[in-house]
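> If you number the sequence shown the way this note's numbering does, the last residue is 236 and the count never jumps.
We treat Cβ as the ideally placed atom computed from N, Cα and C, and that holds for glycine.
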Amino acid sequence: MSDVLDDYLDLPEDPELQLVAFEKRLRSNLNESIRTINRDTHEQYVLSEIGDRQMYYATRLMGFHDAHGFVMLTKPNLWRSGDNFENEFDAFLDEVTYWTTQIEVRHANRLRPISTVLQLTPEVRQQLHSYINKIRETVAPLQLPEKKKEAILGKLNSLADEVDRDRTKTEAWTAFVLGPVDKPIPAAARPERLGRCNTTVATGVMRRSAGAPGKQRIKGFHSRFRKES
8 MSDVLDDYLD LPEDPELQLV AFEKRLRSNL NESIRTINRD THEQYVLSEI
58 GDRQMYYATR LMGFHDAHGF VMLTKPNLWR SGDNFENEFD AFLDEVTYWT
108 TQIEVRHANR LRPISTVLQL TPEVRQQLHS YINKIRETVA PLQLPEKKKE
158 AILGKLNSLA DEVDRDRTKT EAWTAFVLGP VDKPIPAAAR PERLGRCNTT
208 VATGVMRRSA GAPGKQRIKG FHSRFRKES
């Protein structure tokens with residue numbers, strides 16, 4: 008099987024994208040060949056060797072281009088012994104870069120998914136949370152292995168977090184503290200309720216911190232962690 012067929016088999020299905028992928032492969036091989044020639048070839052033959060590789064690149068690419076019936080590229084007027092070879096080849100490379108970029112941009116825009124951000128209203132969120140709570144109430148009394156039940160409840164907690172994802176941490180904390188209520192709480196009463204909650208949390212932390220064994224365990228853990236580190 009020829010090199011062309013070997014290179015062709017793993018190309019994309021779309022003909023234009025095939026051209027882009029094939030050209031990138033040819034250009035990579037060309038650049039690698041030029042680096043090798045500059046490193047290993049006598050100075051007297053460098054330009055001739057590079058010219059051969061450039062001609063091979065242009066011939067292969069135009070053959071691929073014409074086989075698909077494309078009309079984007081113009082066949083370059085390349086002559087190995089011509090005085091204007093380098094300028095002609097550079098102009099051809101510029102044209103190739105222009106058209107392959109056009110193809111990539113067109114296909115990228117065509118394949119980019121249409122993203123529609125749906126904002127969940129407070130009413131929808133409340134409804135979703137009610138469904139999640141019903142599932143929790145259904146799962147809780149079931150005779151399931153403990154790990155299985157914890158996994159299900161953990162997924163439900165993650166889902167509940169995702170429902171509230173676009174809210175800030177402060178908003179989520181406020182919603183947790185105020186909790187679901189049948190009637191809106193007057194604005195003047197909200198700071199008092201938050202204050203009572205914060206006081207309760209602070210008191211619990213102070214009580215837990217007052218126990219000497221707990222503090223010793225924490226110190227022991229950090230000490231062991233430093234030694235192991």
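So Y64 packs on L33, CB below 8 Å; how close in whole Å?
Taking the first residue of the sequence shown as position 1, residue 64 is located at position 57. Taking the first residue of the sequence shown as position 1, residue 33 is located at position 26. Sure, about 5 Å apart at Cβ, within 8 Å.
> Would DSSP call S75 helix, strand or coil?
Along the sequence shown, one-based indexing puts residue 75 at 68. Per the sequence shown, the amino acid found at residue 75 is His instead of Ser. Of the three classes helix, strand and coil, the one that applies to H75 here is coil, per DSSP.
> Go through its chain and collect everything with a Cβ distance to V146's Cβ below 8 Å, but skip five positions before and after it.
For the purposes of this step, residue 146 is identified with residue 139 of the sequence shown, where counting begins at 1. Same-chain partners within the cutoff: K156, I159, L160 and L163.
> Count the other CB atoms, across all protein chains shown, that sit within 10 Å of the CB of V27; report buried if there are 16 or more and exposed otherwise.
Position 20 of the sequence shown, counting from 1, holds the residue named residue 27. Buried.
> Using beta-carbon positions only, say whether K82 and M62 come within less than 8 Å of one another.
For this step, residue 82 is matched to residue 75 along the sequence shown. For this step, residue 62 is matched to residue 55 along the sequence shown. No, they are not a contact pair.
> Taking E23 and I110 to be in contact with their CB atoms under 8 Å, please state how far apart those CB atoms are, rounded to whole angstroms.
Position 16 of the sequence shown, counted from the first residue, corresponds to residue 23. Position 103 of the sequence shown, counted from the first residue, corresponds to residue 110. Rounded to whole angstroms, the Cβ separation of E23 and I110 is 5 Å, and the two are in contact under 8 Å.
> My output table needs one value for T206: the three-state DSSP class, helix, strand or coil.
For the purposes of this step, residue 206 is taken as the residue at position 199 of the sequence shown. Because T206 carries a pLDDT of 47, less than 50, the predicted location of this residue cannot be relied on, and the following value inherits that uncertainty. Secondary structure at T206: helix, using DSSP grouped into helix, strand and coil.
> Kindly list the residues whose CB is nearer than 6 Å to the CB of R60, restricted to its own chain and excluding five residues on each side of it in sequence; keep chain order.
By 1-based counting over the sequence shown, the position of residue 60 is 53. Same-chain partners within the cutoff: L37 and S40.
> Look up M8 in the DSSP assignment and say whether it is helix, strand or coil.
Walking along the sequence shown from the start, residue 8 turns up at place 1. Confidence at M8 is low in this model, with a pLDDT of 47, below 50, so the placement of that residue should be treated as unreliable; the coordinate-derived value is given next. In this structure, M8 counts as coil in the three-state DSSP scheme.
> How far does the alpha helix (DSSP H) with Q133 in it reach, from first residue to last?
Your numbering for residue 133 matches position 126 in the sequence shown. Where Q133 is concerned, the enclosing alpha helix (DSSP H) stretches over P129 to V146.
> Under three-state DSSP, which class holds Q150?
Here residue 150 is taken as the residue at index 143 of the sequence shown, counted from 1. In this structure, Q150 counts as coil in the three-state DSSP scheme.
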